[in-house]
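Those sequence lines, one after another, are chains D and C.
If you read the first sequence in the working numbering, its first letter stands for residue 930, the second for the next number, and so on.
If you read the second sequence in the working numbering, its first letter stands for residue 930, the second for the next number, and so on.
2 protein chains.
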Amino acid sequence: MKELAEKILTGDRRAAARAISLVENNEPEKQELLSQIYPHTGKAHIIGITGAPGSGKSTLADRIIDHYRKQELQVGVIAVDPTSPFTGGAILGDRIRMQEHALDPGVFIRSMGSRGSLGGLSRATREAITILDAMGRDVVLVETVGVGQSEVDIVKMADTTLVVLTPAGGDGVQTLKAGIMEIADIFVVNKADMDGADRTIREVNMMLDLSPSLPWRPLVVATKTLQNEGLEDLYSSIREHRAYLEAEGRLREFRKKKARLEILELVEHKIKDRVWSQVHDEAYFEKLLEQILKKTLDPYSAADQILENIKL
Amino acid sequence: MKELAEKILTGDRRAAARAISLVENNEPEKQELLSQIYPHTGKAHIIGITGAPGSGKSTLADRIIDHYRKQELQVGVIAVDPTSPFTGGAILGDRIRMQEHALDPGVFIRSMGSRGSLGGLSRATREAITILDAMGRDVVLVETVGVGQSEVDIVKMADTTLVVLTPAGGDGVQTLKAGIMEIADIFVVNKADMDGADRTIREVNMMLDLSPSLPWRPLVVATKTLQNEGLEDLYSSIREHRAYLEAEGRLREFRKKKARLEILELVEHKIKDRVWSQVHDEAYFEKLLEQILKKTLDPYSAADQILENIKL
Chain D
930 MKELAEKILT GDRRAAARAI SLVENNEPEK QELLSQIYPH TGKAHIIGIT
980 GAPGSGKSTL ADRIIDHYRK QELQVGVIAV DPTSPFTGGA ILGDRIRMQE
1030 HALDPGVFIR SMGSRGSLGG LSRATREAIT ILDAMGRDVV LVETVGVGQS
1080 EVDIVKMADT TLVVLTPAGG DGVQTLKAGI MEIADIFVVN KADMDGADRT
1130 IREVNMMLDL SPSLPWRPLV VATKTLQNEG LEDLYSSIRE HRAYLEAEGR
1180 LREFRKKKAR LEILELVEHK IKDRVWSQVH DEAYFEKLLE QILKKTLDPY
1230 SAADQILENI KL
Chain C
930 MKELAEKILT GDRRAAARAI SLVENNEPEK QELLSQIYPH TGKAHIIGIT
980 GAPGSGKSTL ADRIIDHYRK QELQVGVIAV DPTSPFTGGA ILGDRIRMQE
1030 HALDPGVFIR SMGSRGSLGG LSRATREAIT ILDAMGRDVV LVETVGVGQS
1080 EVDIVKMADT TLVVLTPAGG DGVQTLKAGI MEIADIFVVN KADMDGADRT
1130 IREVNMMLDL SPSLPWRPLV VATKTLQNEG LEDLYSSIRE HRAYLEAEGR
1180 LREFRKKKAR LEILELVEHK IKDRVWSQVH DEAYFEKLLE QILKKTLDPY
1230 SAADQILENI KL
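As structure tokens, then:
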């Protein structure tokens, strides 16, 4: 693991890919690896992109990659699909546009699927961000396929979150889930050449004006990615949000909050694992169940008995 | 609590209502109460009803209540709305039809909402079932408003689960989530006078034939609740499933499996509560976070340190 960690820190792509597979499979060795690379993280700007399918997220991600590559910045991309059990090349195969970056060593792209466990996916995504950050990527884009609760959990890890809307049907704003509205730092009204674009922009602004005063009032940007319009506005909005975060120690506070959540989650998972392995091994669990079925014991008292016998 | 428990066991409605409020609010005294009434449970037949809004679930529940009331059985109804934070009278107010039972002492109806925590709702629903069972209800109906994941978790607690479909659009079967298909013991194709009913029935049967062989092959019943057609078929299907459960010790195995899950969930919640209260109290957590921000510590090692210091 020490060797793998060192290779990651030199920016080795194969090492990073192997490390991400370790965290995807939740291999026990990953902890040693993550501990070793962790001190070298915190430099990347993590940008989350979420929005309904068809909103043009992938093309937008593509433009953002171009933008940072022109500045000779190193980019990492994590494309997350909570609805798919597939990982690695599977989703990536569809991402035709992103493939033009696939040959550029300055862009590292990885797709991640759920493998049946959403909690596991959000953990693995966070650990993959850590790996890309440690390998020296200046920007890490985290893109999701949809706008469900799991996507919200995933983009929450980003420093700057873009929520992509389209004017389609003019109902874009009403149908957005509350959770999505709350995580946006920048609203991107994409396909702004479509009918209803002005209305969508107006509605988003209205909704923001009606919201309780936020420390950061999300920016609203109109883009037409296919015509390359509005993109400079978007890039400067991202810079503006980053500058906001860096001012007055906000980024430090934000990362502290994230570290707090991460530790609590790790503690919770570890306790669960230990409890489960003990509970499932003990023959006395079977005895407790028999007593419960005979009604000489109830589940509440049984839980207390188990707690008394657990060693952490 | 002892007095309240005794009152519940005599079938006292006010006592049951108070007890359900205790579990809804997750009051610490509830454990003592639930322990005391638990030995008196296991007699009720728990019937879950789920299906998309507009499928006629409430009217169906209404007919089922009528059916059991004609046999002079005591009925309990829990109407669960995971999308609503409201409880008690709030949802119930809308359930015009059920109100005709509201004056019948043989029917006890309670609505439950999420109060912002879905995990809490499924726990509270299970505890409310325990209370209705202990108060001597022969049948407990658990009805949900929709067909999401939280509804699946809730109806999982039922002995017999009805999934209500309608022929609307003919796409009823395809759009059903996998999770919903798996929990059905009986498919009710309601509004069977609508176009496409035959097709829906055929599709459900086809899907069941294509499924890996199940220990219980779900029954498919066509109903027209408004015309009172097909209901006798439904009632006999429910009886048939109950008889199946009771044969060869299946009900016992099923309840054992449920008790196992319940205990594990209780253990997990209790550990979480204890861990959280310790972690949040300790000033050293703040120190750990500061070390993490200075990169002299990583979250993985911090979690291990916390685990070493936790007392259960």
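Glycine is no exception: its CB is placed at the ideal position from the N, C-alpha and C atoms.
These figures come from a predicted structure and were not determined experimentally.
query                                                                                                                              : result
Spatial neighbours of L1163 of chain D in its chain, beta-carbon cut-off 7 Å, leaving aside the 5 residues before and after        : V1117, V1150 and T1152
Listed by chain order, chain D residues near Y1229 of chain C by CB distance under 8 Å                                             : Q960, L963, S964, Y967 and L1195
Beta carbon proximity, A1063 of chain C to chain D, threshold 8 Å                                                                  : no
A934 of chain D - containing alpha helix (DSSP H), residue span                                                                    : K931 to L938
Neighbourhood of E958 of chain C by C-beta, 8 Å cutoff - its chain only, sequence neighbours within 5 removed                      : M930 and L951
Cutoff 8 Å: I937 of chain C Cβ touching any chain D Cβ                                                                             : no
Proximity winner among D:I975, D:D1127 and D:R947, relative to R1168 of chain D (alpha-carbon distances)                           : D:I975
Beta-carbon gap between V1069 of chain C and G1005 of chain C smaller than 8 Å                                                     : yes
Between the CA atoms of K1216 of chain D and V1036 of chain C - distance to the nearest angstrom                                   : 37 Å
DSSP state of A1113 of chain C mapped onto helix, strand, coil                                                                     : coil
Top-ranked residue by Cα proximity to S1040 of chain C, from C:V1071, C:T1059 and C:H1030                                          : C:V1071
Exposed unless 16 or more other CB atoms sit within 10 angstroms - verdict on T1095 of chain C                                     : buried
Inter-stretch contact at 8 Å, needing at least 3 Cβ pairs: the segment 1056 to 1066 of chain D / the segment 937 to 955 of chain D : yes
Residues that V1204 of chain C contacts on chain D, provided the C-beta gap is smaller than 9 Å                                    : L1193, V1196, E1197 and I1200
Cβ of L1222 of chain C within 8 Å of any chain E Cβ                                                                                : This model lacks chain E altogether, as its protein chains are D and C.
Neighbour-count burial assignment, A1019 of chain D, 16 or more Cβ in a 10 Å radius                                                : Below a pLDDT of 50, predicted positions are generally treated as unreliable, and A1019 of chain D, at 40, falls in that range; no measurement from the model is reported.
Boundaries (first-last residue) of the beta strand (DSSP E) holding V1069 of chain C                                               : V1068 to T1073
Euclidean distance between Cα positions of V1092 of chain D and L1091 of chain C                                                   : 39 Å
Neighbourhood of Q1220 of chain C by C-beta, 7 Å cutoff - its chain only, sequence neighbours within 5 removed                     : L1226
Chain D contact for A1212 of chain C (CB, 8 Å cutoff)                                                                              : no
Sub-8 Å separation of R992 of chain C and T1129 of chain C beta-carbons                                                            : no
Pick from D:K972, D:A973, D:S984 and D:I937 that is closest to I966 of chain D, judged by C-alpha positions                        : D:I937
Buried/exposed call for Y1213 of chain C, threshold 16 Cβ in 10 Å                                                                  : exposed
For D1100 of chain D, the three-state DSSP class (helix, strand or coil)                                                           : Annotation note: pLDDT 47 at D1100 of chain D (below 50); position unreliable, coordinate value reported separately. Of the three classes helix, strand and coil, the one that applies to D1100 of chain D here is coil, per DSSP.
Length of the line joining the Cα atoms of Q960 of chain D and L1050 of chain D                                                    : 16 Å
Bridge-paired residues (DSSP) for V1118 of chain C                                                                                 : C:L1094 and C:A1151
Three-state class that DSSP yields for T970 of chain D in the structure shown                                                      : coil
Beta-carbon proximity of V1081 of chain C to P982 of chain C, cut-off 8 Å                                                          : no
Cross-strand partners of E1158 of chain D (DSSP beta bridge)                                                                       : D:K1153
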